[in-house]
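Data first, discussion second: the structure below is written as structure tokens.
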Amino acid sequence: MYELKETDLTKEAYIQLLDRLFDSCDTVSFAVLPKKMMGQKETLHRLLQELEPYFQEIVHDNATRANLFGANVSVPNYYYRICPESKQLIMQAAENLFYWQQPELPEDLSFMRKEEEYFVTNAHEGYAMLFADDKQLIELGGTLWSRIK
Numbered sequence: 017m018y019e020l021k022e023t024d025l026t027k028e029a030y031i032q033l034l035d036r037l038f039d040s041c042d043t044v045s046f047a048v049l050p051k052k053m054m055g056q057k058e059t060l061h062r063l064l065q066e067l068e069p070y071f072q073e074i075v076h077d078n079a080t081r082a083n084l085f086g087a088n089v090s091v092p093n094y095y096y097r098i099c100p101e102s103k104q105l106i107m108q109a110a111e112n113l114f115y116w117q118q119p120e121l122p123e124d125l126s127f128m129r130k131e132e133e134y135f136v137t138n139a140h141e142g143y144a145m146l147f148a149d150d151k152q153l154i155e156l157g158g159t160l161w162s163r164i165k
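Shown next as structure tokens:
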């Protein structure tokens, strides 16, 4: 497992990172925290509407892919099929991996492959984790990655 800190991920590196994730994975996910916790802006609602044709499911949990909340909090985690159209919408939504935060955008953009976590972000905390041993992604991140056991 590898960790990437918010540090110096350039826009170019972000685009390359997302390109690789979209090529390697089959599902993209994020959470929409309750409005009273984080607020929600029109950009968030517009993205949800635009992604509707690629929608797979909502799973309510007391967590996002990267954060655990109290048992009394219900967080809808949205799952979407990866295809060229959903890729384009997500690529256009933000210029940085760590911009995926409410109220402007959904929380914690994450990617799955065959229902397994592949890449998960925790945007508010400024880190992302790569669960796969993807040599191309590791090279893209260069010295920004830290290997964790």
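According to the numbering used here, numbering within the sequence shown proceeds without interruption in unit steps and concludes at 165.
Just so it is clear, CB atoms sit at the ideal spot from N, CA and C, and this is done for glycine as well.
- CA-CA distance, residue 144 to residue 87, rounds to 24 angstroms.
- The shortest CA-to-CA distance from residue 31 to any of 68, 114, 128 and 54 is the one to 114.
- One thing to note: residue 128 has its Cβ no nearer than 8 angstroms to the Cβ of residue 35.
- Cβ neighbours of residue 120 within its own chain (closer than 6 angstroms, five residues either side excluded): 57 and 59.
- Only buried fits residue 124, as 16 or more other CB atoms lie within 10 angstroms of its CB.
- Excluding five sequence positions before and after residue 139, the CB atoms of its chain that fall closer than 8 angstroms to its own CB belong to 113, 114, 115, 116, 117, 123, 124 and 125, given in chain order.
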